[in-house]
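With positions in the sequence shown counted from 1, the corresponding number in our numbering is that position plus 1154. No residue lacks a Cβ here, since even glycine has one placed at the ideal position from N, Cα and C.
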Amino acid sequence: MKTRKIALIGFMGCGKSSIGHFLASGLGLPHIDLDEEIEKRAGLSVREIFEQKGEAFFRELERQALASLAQKTEAFVLSCGGGAVLSPSSRRLLRQAYFTVWIDVPLDELLRRLSQEKETRPLLASADYAPRAEALLRLRAPLYASASRFAHPWRPGETAAESASAIAEKIRALT
Ligand code: S3P
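See below:
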């Protein structure tokens, strides 16, 4: 497989961070989490950035981090935040500078996972998180599709390690 920058995208709760971890170790590459990268640069947590500076400011930091990581010469696996596809210029970067994979998990499974950890996600930290998540997913699904080379459809019962090996195999076949 040619060395490259692999980006994982998909809705909150789809498993980008855990699959990214397994994919990176399977390929012998470093793993970078885009939210952690933004937090390091801003000196604030994602929640603090949303609360103190607003979502638009967070999106700009997200775009900048994606652009500056794209300049790195070495290969790595990047787990993006769920909204990293919102800006057209971020989508362009994901298409051109990264080999981008959409982890496509059905809404009912996402809701099951998010019900246990929605407090950590500023966009879903309210009682009506389920209709909010559904509306956001409807808006974002075409953006995930347009920013990625392929979608990996999660199957019930599939572990993060199994998703990672299936993704690695597909990337190998395509590169
Ligand atoms: C967001 C997803 C979060 C984080 C921020 C915004 C989104 O990342 O970037 O809270 O807009 O979907 P995860 O997808 O890792 O939860």
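Spanning the alpha carbons of Gln1206 and Gly1237 requires a straight line of approximately 18 angstroms. Excluding its 5 nearest sequence neighbours in each direction, Arg1286 has C-beta neighbours in its own chain below 8 angstroms: Leu1277, Leu1278, Ser1280, listed in chain order. The Cβ-Cβ distance between Lys1159 and Ala1221 does not fall below 9 angstroms. A distance of 9 angstroms or more separates the beta carbons of Ser1243 and Arg1267. Per the coordinates, the alpha-carbon of Phe1253 lies some 15 angstroms from the alpha-carbon of Pro1184. With respect to the C-alpha of Gly1167, the residue from Glu1316, Ile1325, Ile1257, Asp1282 having the closest C-alpha is Ile1257.
For the options Val1200, His1306, Cys1234, the alpha carbon positioned closest to that of Ala1318 is the one of His1306. Listed in chain order, the beta strand (DSSP E) runs fully inside the stretch 1229-1304 are 1230-1233, 1253-1258, counting runs of at least 3 residues. Taken atom to atom, the span from the alpha-carbon of Arg1249 to that of Ser1300 is near 8 angstroms. Distances from the CA of Leu1188 to each of Glu1214, Glu1202, Arg1309, Ala1219 were compared; the closest alpha carbon is that of Ala1219. About 6 angstroms separates the beta carbons of Leu1265 and Ala1284, which is inside the 8 angstroms limit, making them a contact pair.
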